[in-house]
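K.L.:
Please read through the structure below; I'll follow up with questions.
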Amino acid sequence: MKKLITRPMVRDKRTFCNSVFPVPMQKDKTWIDCDDKLTGFENRTQEGRNRTYLGIFRVPAWLCVVSLSFIVSACSIFGGKAAEEPVYRVVLEDGAIEIREYEAYAVAETLVNQSFDTATDVGFSRLFNYISGSNKESSNIAMTAPVFATPVKIPVKAPVVAVARSAGDSRVLTDDGSGGWTITFVLPNSYTTSTAPKPEDVNVTLRDVPASRVAAIRFSGRFRNEASELRRQELAAWLKVRGLKHEADWRMAGYNPPWTLPPFRRNEVIVTLQVQK
(Lines of atoms letter the chains of each structure in order from A; the text may use other names.)
(Lines give C-alpha, C1' and ligand atoms only; values in the text may rest on other atoms or scores of the structure.)
Protein backbone atom coordinates (compact mmCIF):
# COMPACT_ATOMS: atom_id res chain seq x y z
CA MET A 375 0.00 0.00 0.00
CA LYS A 376 1.36 3.38 -0.97
CA LYS A 377 2.15 5.59 1.99
CA LEU A 378 0.21 8.86 2.08
CA ILE A 379 2.64 11.75 2.11
CA THR A 380 1.44 15.07 3.56
CA ARG A 381 3.30 18.35 3.35
CA PRO A 382 4.19 18.77 7.05
CA MET A 383 6.07 15.43 6.86
CA VAL A 384 8.32 16.57 3.99
CA ARG A 385 10.87 19.29 4.54
CA ASP A 386 12.22 19.32 1.01
CA LYS A 387 9.76 21.01 -1.32
CA ARG A 388 11.27 19.40 -4.42
CA THR A 389 10.93 15.94 -2.91
CA PHE A 390 7.32 16.63 -2.04
CA CYS A 391 6.46 17.86 -5.52
CA ASN A 392 8.10 14.85 -7.13
CA SER A 393 6.21 12.48 -4.87
CA VAL A 394 2.85 14.10 -5.48
CA PHE A 395 3.32 15.22 -9.12
CA PRO A 396 5.84 12.77 -10.60
CA VAL A 397 6.84 14.08 -14.05
CA PRO A 398 9.96 13.59 -16.14
CA MET A 399 12.42 16.37 -15.45
CA GLN A 400 13.17 18.60 -18.40
CA LYS A 401 15.86 21.19 -18.76
CA ASP A 402 13.46 24.04 -19.44
CA LYS A 403 11.33 23.23 -16.47
CA THR A 404 11.56 25.40 -13.44
CA TRP A 405 10.17 24.94 -9.94
CA ILE A 406 7.54 27.55 -10.71
CA ASP A 407 5.63 24.68 -12.36
CA CYS A 408 5.81 22.75 -9.16
CA ASP A 409 4.71 25.74 -7.11
CA ASP A 410 1.68 26.18 -9.36
CA LYS A 411 0.76 22.55 -9.05
CA LEU A 412 1.28 22.58 -5.32
CA THR A 413 -0.88 25.68 -4.92
CA GLY A 414 -3.65 24.05 -6.96
CA PHE A 415 -3.37 20.89 -4.88
CA GLU A 416 -3.66 22.88 -1.64
CA ASN A 417 -6.65 24.81 -2.98
CA ARG A 418 -8.45 21.64 -4.03
CA THR A 419 -7.72 20.10 -0.65
CA GLN A 420 -9.14 23.14 1.15
CA GLU A 421 -12.23 23.12 -1.09
CA GLY A 422 -12.76 19.52 -0.12
CA ARG A 423 -12.56 20.46 3.56
CA ASN A 424 -15.01 23.31 2.99
CA ARG A 425 -17.46 21.00 1.28
CA THR A 426 -17.15 18.62 4.22
CA TYR A 427 -17.80 21.37 6.76
CA LEU A 428 -20.67 22.86 4.74
CA GLY A 429 -22.21 19.43 4.24
CA ILE A 430 -22.72 19.18 7.99
CA PHE A 431 -24.95 22.27 7.93
CA ARG A 432 -26.41 21.97 4.43
CA VAL A 433 -30.24 21.83 4.47
CA PRO A 434 -32.45 21.39 1.39
CA ALA A 435 -34.10 24.65 0.27
CA TRP A 436 -37.59 23.15 0.51
CA LEU A 437 -36.97 22.25 4.15
CA CYS A 438 -35.91 25.83 4.90
CA VAL A 439 -39.12 27.14 3.33
CA VAL A 440 -41.27 24.64 5.22
CA SER A 441 -39.48 25.43 8.48
CA LEU A 442 -39.94 29.17 7.98
CA SER A 443 -43.61 28.68 7.13
CA PHE A 444 -44.05 26.57 10.24
CA ILE A 445 -42.44 29.23 12.41
CA VAL A 446 -44.72 31.92 10.94
CA SER A 447 -47.75 29.67 11.31
CA ALA A 448 -46.75 28.86 14.87
CA CYS A 449 -46.90 32.57 15.69
CA SER A 450 -50.50 32.57 14.42
CA ILE A 451 -51.34 29.27 16.10
CA PHE A 452 -50.10 30.55 19.44
CA GLY A 453 -51.57 34.01 19.19
CA GLY A 454 -48.77 36.22 17.88
CA LYS A 455 -49.67 39.47 16.20
CA ALA A 456 -51.57 38.39 13.12
CA ALA A 457 -51.68 41.50 10.94
CA GLU A 458 -51.52 45.27 10.72
CA GLU A 459 -53.86 47.11 13.11
CA PRO A 460 -55.20 50.67 13.29
CA VAL A 461 -52.79 53.05 14.99
CA TYR A 462 -53.60 53.81 18.62
CA ARG A 463 -52.00 54.62 21.94
CA VAL A 464 -53.00 53.28 25.35
CA VAL A 465 -54.08 56.02 27.74
CA LEU A 466 -54.96 53.83 30.72
CA GLU A 467 -54.65 50.12 31.48
CA ASP A 468 -56.43 48.20 34.23
CA GLY A 469 -56.00 44.45 33.89
CA ALA A 470 -57.82 43.33 30.76
CA ILE A 471 -59.31 46.81 30.23
CA GLU A 472 -57.69 49.61 28.25
CA ILE A 473 -58.61 53.17 27.33
CA ARG A 474 -57.20 53.93 23.88
CA GLU A 475 -56.94 56.85 21.51
CA TYR A 476 -57.24 55.78 17.88
CA GLU A 477 -56.11 57.67 14.85
CA ALA A 478 -58.55 57.84 11.94
CA TYR A 479 -58.78 54.77 9.72
CA ALA A 480 -60.92 53.36 6.92
CA VAL A 481 -63.05 50.22 6.87
CA ALA A 482 -64.97 48.01 4.47
CA GLU A 483 -68.19 46.63 5.90
CA THR A 484 -71.30 44.69 5.05
CA LEU A 485 -74.66 44.24 6.74
CA VAL A 486 -76.09 40.74 7.08
CA ASN A 487 -79.62 40.42 8.42
CA GLN A 488 -79.04 37.01 10.01
CA SER A 489 -78.08 35.42 13.30
CA PHE A 490 -74.53 35.93 14.56
CA ASP A 491 -73.06 32.67 13.24
CA THR A 492 -74.57 33.08 9.78
CA ALA A 493 -73.79 36.79 9.64
CA THR A 494 -70.12 36.30 10.44
CA ASP A 495 -69.75 33.58 7.79
CA VAL A 496 -71.58 35.51 5.06
CA GLY A 497 -70.06 38.85 5.98
CA PHE A 498 -66.51 37.54 6.14
CA SER A 499 -66.92 35.89 2.73
CA ARG A 500 -68.15 39.11 1.12
CA LEU A 501 -65.35 41.19 2.58
CA PHE A 502 -62.66 38.62 1.85
CA ASN A 503 -63.76 38.58 -1.79
CA TYR A 504 -63.47 42.36 -1.82
CA ILE A 505 -59.87 42.42 -0.57
CA SER A 506 -59.01 39.47 -2.84
CA GLY A 507 -59.68 41.42 -6.03
CA SER A 508 -63.47 41.71 -6.27
CA ASN A 509 -63.25 45.47 -6.69
CA LYS A 510 -63.21 47.99 -9.52
CA GLU A 511 -59.41 47.95 -9.73
CA SER A 512 -59.10 44.14 -9.30
CA SER A 513 -56.56 44.92 -6.59
CA ASN A 514 -55.52 42.67 -3.74
CA ILE A 515 -55.61 44.34 -0.34
CA ALA A 516 -53.66 43.06 2.64
CA MET A 517 -55.64 41.40 5.42
CA THR A 518 -55.58 43.42 8.63
CA ALA A 519 -56.96 43.13 12.15
CA PRO A 520 -59.32 43.23 13.85
CA VAL A 521 -62.53 42.00 12.25
CA PHE A 522 -65.48 43.78 13.89
CA ALA A 523 -68.98 42.43 14.45
CA THR A 524 -71.54 45.05 15.46
CA PRO A 525 -75.20 44.32 16.26
CA VAL A 526 -77.83 46.35 14.40
CA LYS A 527 -81.61 46.49 14.42
CA ILE A 528 -83.53 46.38 11.15
CA PRO A 529 -86.85 48.25 11.28
CA VAL A 530 -89.80 46.40 9.78
CA LYS A 531 -90.66 47.43 6.17
CA ALA A 532 -87.62 49.65 5.93
CA PRO A 533 -84.61 49.66 3.60
CA VAL A 534 -81.74 47.41 4.64
CA VAL A 535 -79.41 49.92 6.29
CA ALA A 536 -77.37 49.86 9.47
CA VAL A 537 -79.56 51.38 12.17
CA ALA A 538 -78.60 51.60 15.82
CA ARG A 539 -80.93 50.23 18.46
CA SER A 540 -83.24 52.65 20.19
CA ALA A 541 -81.88 55.28 22.57
CA GLY A 542 -81.29 53.99 26.04
CA ASP A 543 -80.88 50.42 24.79
CA SER A 544 -77.56 48.95 25.90
CA ARG A 545 -77.28 47.29 22.49
CA VAL A 546 -76.33 43.92 23.92
CA LEU A 547 -74.17 41.53 21.98
CA THR A 548 -76.81 38.82 21.71
CA ASP A 549 -79.24 37.69 19.04
CA ASP A 550 -82.81 38.73 19.83
CA GLY A 551 -84.31 37.95 16.44
CA SER A 552 -84.95 41.59 15.57
CA GLY A 553 -81.77 42.57 13.80
CA GLY A 554 -78.57 41.52 12.13
CA TRP A 555 -74.86 42.19 12.28
CA THR A 556 -72.47 44.50 10.50
CA ILE A 557 -69.20 42.74 9.76
CA THR A 558 -66.23 45.06 9.26
CA PHE A 559 -62.71 44.73 7.89
CA VAL A 560 -60.19 47.42 8.75
CA LEU A 561 -58.30 48.61 5.67
CA PRO A 562 -54.50 49.10 5.72
CA ASN A 563 -53.42 52.42 7.19
CA SER A 564 -52.37 53.69 3.77
CA TYR A 565 -56.01 53.74 2.60
CA THR A 566 -58.91 56.12 3.00
CA THR A 567 -62.32 55.73 1.38
CA SER A 568 -61.17 58.03 -1.44
CA THR A 569 -58.06 55.96 -2.22
CA ALA A 570 -59.29 52.42 -1.50
CA PRO A 571 -60.51 50.29 -4.43
CA LYS A 572 -64.28 50.56 -4.90
CA PRO A 573 -66.21 47.33 -4.21
CA GLU A 574 -67.89 45.38 -6.98
CA ASP A 575 -70.45 43.98 -4.54
CA VAL A 576 -73.19 46.51 -3.76
CA ASN A 577 -73.49 44.95 -0.31
CA VAL A 578 -69.98 46.09 0.60
CA THR A 579 -69.47 49.73 1.55
CA LEU A 580 -66.48 51.84 2.57
CA ARG A 581 -66.43 54.19 5.54
CA ASP A 582 -63.92 56.49 7.21
CA VAL A 583 -63.76 56.13 10.98
CA PRO A 584 -62.73 59.40 12.67
CA ALA A 585 -60.16 59.58 15.44
CA SER A 586 -61.74 58.53 18.71
CA ARG A 587 -61.23 57.43 22.30
CA VAL A 588 -62.52 53.97 23.15
CA ALA A 589 -62.68 51.52 26.01
CA ALA A 590 -61.77 47.90 25.31
CA ILE A 591 -61.80 44.70 27.33
CA ARG A 592 -59.73 41.74 26.21
CA PHE A 593 -60.48 38.03 26.53
CA SER A 594 -59.45 34.74 24.95
CA GLY A 595 -61.48 31.83 23.61
CA ARG A 596 -63.69 31.50 20.58
CA PHE A 597 -65.22 34.47 18.77
CA ARG A 598 -68.73 34.05 20.21
CA ASN A 599 -71.32 36.69 21.02
CA GLU A 600 -72.40 34.96 24.24
CA ALA A 601 -68.91 35.27 25.74
CA SER A 602 -68.66 38.82 24.43
CA GLU A 603 -71.89 39.81 26.17
CA LEU A 604 -70.45 38.81 29.53
CA ARG A 605 -67.40 40.97 28.86
CA ARG A 606 -69.62 43.81 27.69
CA GLN A 607 -71.41 43.76 31.02
CA GLU A 608 -68.09 43.76 32.87
CA LEU A 609 -66.78 46.72 30.87
CA ALA A 610 -70.08 48.62 31.23
CA ALA A 611 -69.90 48.24 35.01
CA TRP A 612 -66.27 49.38 35.06
CA LEU A 613 -67.14 52.50 33.06
CA LYS A 614 -70.16 53.29 35.23
CA VAL A 615 -68.14 53.18 38.45
CA ARG A 616 -65.71 55.70 36.98
CA GLY A 617 -68.37 57.94 35.54
CA LEU A 618 -67.20 57.45 31.96
CA LYS A 619 -70.02 57.91 29.46
CA HIS A 620 -70.07 56.09 26.14
CA GLU A 621 -71.95 55.93 22.84
CA ALA A 622 -73.40 52.44 23.48
CA ASP A 623 -71.97 51.36 20.11
CA TRP A 624 -70.73 48.04 21.44
CA ARG A 625 -68.88 45.84 18.99
CA MET A 626 -66.84 42.67 19.06
CA ALA A 627 -63.31 42.54 17.70
CA GLY A 628 -61.43 39.41 16.67
CA TYR A 629 -57.70 39.59 15.95
CA ASN A 630 -56.64 36.05 15.02
CA PRO A 631 -57.14 33.59 12.15
CA PRO A 632 -59.43 30.62 12.85
CA TRP A 633 -56.54 28.18 13.29
CA THR A 634 -55.21 30.03 16.35
CA LEU A 635 -55.75 27.90 19.44
CA PRO A 636 -58.65 29.37 21.50
CA PRO A 637 -56.61 29.92 24.70
CA PHE A 638 -54.18 32.12 22.72
CA ARG A 639 -56.74 34.17 20.81
CA ARG A 640 -57.20 37.88 21.30
CA ASN A 641 -60.84 38.97 21.34
CA GLU A 642 -62.20 42.27 22.57
CA VAL A 643 -65.37 44.17 23.26
CA ILE A 644 -65.00 47.84 22.34
CA VAL A 645 -67.17 50.91 22.88
CA THR A 646 -66.63 54.57 21.90
CA LEU A 647 -66.32 56.99 24.79
CA GLN A 648 -68.02 60.35 24.76
CA VAL A 649 -65.81 63.41 24.61
CA GLN A 650 -65.47 64.97 28.06
CA LYS A 651 -66.38 68.64 28.01
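Here the sequence shown is numbered in this note's numbering, starting from 375 and rising by one per residue.
Heads up, the beta-carbon is just placed ideally off N, CA and C, and yes, glycines get one too.
What's the gap between the Cα of Glu483 and the Cα of Glu459?
P.N.:
16 Å
K.L.:
List the endpoints of the continuous alpha helix (DSSP H) containing Trp612.
P.N.:
Asn599 to Val615
K.L.:
Do you know how far the Cα of Asn514 is from the Cα of Gln650?
P.N.:
40 Å
K.L.:
Following the continuous alpha helix (DSSP H) through Arg500, name the residue where it begins and the one where it ends.
P.N.:
Phe490 to Ile505
K.L.:
Determine the burial state of Asn487: buried for a count of at least 16 other Cβ atoms within 10 Å of its Cβ, exposed for fewer.
P.N.:
exposed
K.L.:
So Trp555 is in the beta strand (DSSP E); what residue range does that whole segment cover?
P.N.:
Gly553 to Val560
K.L.:
Taking just the CA atoms, how far does Val588 sit from Leu647?
P.N.:
A straight-line Cα-Cα distance of about 5 Å links Leu647 and Val588.
K.L.:
Out of Glu603, Thr579, Lys614 and Ala570, which one is the CA nearest neighbour of Arg500?
P.N.:
When each option's Cα is compared against that of Arg500, the closest is Thr579.
K.L.:
Between Phe593 and Val521, what straight-line distance do the alpha-carbon atoms span, to the nearest angstrom?
P.N.:
Phe593 and Val521: Cα-Cα distance of roughly 15 Å.
K.L.:
When the Cα of Thr548 is compared with those of Ala523, Pro637, Val496 and Tyr629, which residue comes out closest?
P.N.:
Looking only at Ala523, Pro637, Val496 and Tyr629, the smallest Cα-Cα distance to Thr548 is reached by Ala523.
K.L.:
Name the one or two DSSP bridge partners that Met517 has.
P.N.:
Met517 pairs with nothing; no bridge assigned.
K.L.:
Alpha carbon to alpha carbon, how far is Val643 from Thr566?
P.N.:
24 Å
K.L.:
Between which two residues does the beta strand (DSSP E) holding Glu472 run?
P.N.:
Ile471 to Tyr476
K.L.:
If you draw a straight line from the C-alpha of Val583 to the C-alpha of Ala478, how long is it?
P.N.:
6 Å
K.L.:
Got a sec, what are the start and stop residues for the beta strand (DSSP E) Arg639 sits in?
P.N.:
It is not in any beta strand (DSSP E) - Arg639 carries neither H nor E in the DSSP assignment.
K.L.:
Whole angstroms is fine: what's the gap from Met517's alpha carbon to Trp612's?
P.N.:
32 Å
K.L.:
With Thr567 as the anchor, note down where its beta strand (DSSP E) starts and where it stops.
P.N.:
It is not in any beta strand (DSSP E) - Thr567 carries neither H nor E in the DSSP assignment.
K.L.:
Just how far apart, CA to CA, sit Trp633 and Val576?
P.N.:
30 Å
K.L.:
Kindly list the residues whose CB is nearer than 7 Å to the CB of Pro525, restricted to its own chain and excluding five residues on each side of it in sequence; keep chain order.
P.N.:
Listed in chain order, the non-local C-beta contacts of Pro525 below 7 Å within the same chain comprise Arg545, Leu547, Gly553 and Trp555, local neighbours out to five positions each way being set aside.
K.L.:
Tell me where the beta strand (DSSP E) around Arg592 begins and ends.
P.N.:
Ser586 to Phe593
K.L.:
Spatial neighbours of Ala585 within its chain, please: C-beta separation below 7 Å, excluding the five flanking residues on both sides.
P.N.:
Tyr476, Glu477 and Ala478
K.L.:
Quick one: give me the first and last residue of the beta strand (DSSP E) that Ala482 is part of.
P.N.:
Tyr479 to Val486
K.L.:
Buried or exposed: which applies to Pro636, given that a residue is buried once 16 or more other Cβ atoms fall within 10 Å of its Cβ?
P.N.:
Exposed.
K.L.:
Looking only at its chain, what residues have a beta carbon closer than 7 Å to the beta carbon of Arg625, apart from the 5 residues adjacent to it on each side?
P.N.:
Phe522, Ala523, Thr524 and Ile644
K.L.:
I need the DSSP call for Asp575, collapsed to helix, strand or coil.
P.N.:
Residue state for Asp575 is assigned as coil, using DSSP reduced to three classes.
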